[in-house]
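Structure first, then comments.
In our numbering, the protein residues as written are 317 to 735.
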């Protein structure tokens, strides 16, 4: 085996330029395959991160405006989701696992603590279920609970931006925060991706309704997490029953889709996965096509090599070399070239993707959680292993045709070659 490798190495050294050009085509093919697949993953991850932290098995309900007259009522009537609707959703629909709602105060609010101020903040009224449905991460303290809502407490949960700016990174739990001059007790610090770089705070839903709506029981948005719904048909049936029940409660036509807006995130998620499945397939086709072009180059070079070494193979046969030894020699050289240069291309591709990933994650101060287009453009281990297997198989295929041709040569014909 050692002699075989030394012989192949000597052949490569005699034809440095040819070997480099051949290997470059393979390295470029695998490099582009890694770049394309990594870019596809980065685009997918970025889009999914902007899809929000909200659970996939969730439904969003918004009140709208009626678009047709119904039972004596004119069209263009405002439909608001109320606290009673929330109770109906909790008690009359077994598919509903959790129900949450939010009310956002009009305009922006000024937050202050001591001499520090933070302008243009949003104050949102919500409930404990909001944390689970929207995947809110509590960093310090706690989130809202049922007692806060029942007693309409003046408590507030702030995001980490408030903690960093107004409290200089120290824990604000137990301290007071002025919201447009009204004092609230801070009970926790949270983080989530849904709000981007905006500053948000949470207060109890009942407190917000009293503050913003003057005891009006309506809510802005309603969020549901559902269970035991695993097909599009079940989801469609659930949405229709939901619309019919709200239509009966608010007296609007059941087929009036603009009266109540129902958004199914499960359907949107499935559609997005189908789109990225097609993109991934397209990327694989282009990448493998580029790699195939490199392998064809290897095959052509090996054919030229066999042509040039025909006289040598004739001498080998005259000295008693078996056809299998010639096949092994050519196949080994082909595999070594494709594997070595393919590995170089793979390493360079991985380094390039890691560099892009590092560059994309270096957001300027104060710009955290901004809109992401490209996130974590890296490959997993299975893809790297698959690419390695493709390289080995491609090297065998590239060397098989010329090796078979060399093995079939008659000794006399080989010795007469180029004479």
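Ideal placement from N, C-alpha and C gives every residue a C-beta, glycine not left out.
Around the beta carbon of residue 633, a 10 Å sphere encloses 16 or more other beta carbons of the protein chains shown; the residue is thus reported as buried. By the Cβ-count criterion, residue 589 is exposed, with fewer than 16 other Cβ atoms from all chains shown falling within 10 Å of its own Cβ. The continuous stretches of beta strand (DSSP E) do not include residue 621, which lies in the alpha helix (DSSP H) extending over residues 581–624.
When the Cα atoms are used, residue 654 and residue 597 turn out to be separated by approximately 24 Å. Rounded to whole angstroms, residue 719 and residue 611 show a C-alpha spacing of 15 Å. Counting along the chain, residue 427 sits inside the beta strand (DSSP E) bounded by residues 425–429.
A direct Cα-Cα distance of roughly 39 Å separates residue 599 from residue 476. Counting of Cβ neighbours within 10 angstroms places residue 398 among the buried residues, the total reaching 16 or more. In the displayed model, residue 693 falls within coil according to three-state DSSP, outside both helix and strand.
Excluding residues up to 5 positions away in sequence, 338 and 341 lie with their Cβ nearer than 7 Å to the Cβ of residue 613 in the same chain. Distance from the CA of residue 535 to the CA of residue 418, rounded to the nearest whole angstrom, comes to 6 Å. The DSSP-derived three-state label of residue 330 is helix. Under the three-state reduction of DSSP, residue 545 is assigned to coil, being neither helix nor strand.
Close CB contacts of residue 660 within its chain, under the 7 Å cut and outside five residues either way in sequence, are with 343 (chain order). Bounds of the alpha helix (DSSP H) holding residue 525 are 521–528. By the Cβ test, the region 444–459 is in contact with the region 474–494, since at least three Cβ pairs between them sit closer than 8 Å.
Here residue 429 is buried. Its C-beta has 16 or more other C-beta atoms within 10 Å. Under the Cβ criterion (8 Å, minimum of three pairs), the region 636–651 does not count as touching the region 663–678.
By the criterion of a C-beta distance shorter than 6 Å, residue 416 is surrounded in its chain by 443, 445, 446, 449 and 539, once the five residues flanking it on both sides are discounted. Residue 376 is a Cβ neighbour of residue 537, given a cutoff of 8 Å. The beta carbons of residue 542 and residue 408 sit about 14 Å from each other, so the pair does not count as a contact at 8 Å. Membership of residue 456 in the beta strand (DSSP E) is indicated by the continuous run 453–457. In the DSSP annotation of this structure, the continuous segment of the alpha helix (DSSP H) that includes residue 466 starts and ends at 462–466. Here residue 587 is not near residue 358, since their CB atoms are 8 Å or more apart. If the five residues before and after residue 669 are omitted, its C-beta is found closer than 6 Å to the C-beta atoms of 354, 693 and 694, all from its own chain and listed in chain order. Per DSSP, the beta-bridge partners of residue 576 are 379. Out of 618, 421 and 514, the CA that lies nearest to the CA of residue 650 is found in 618.
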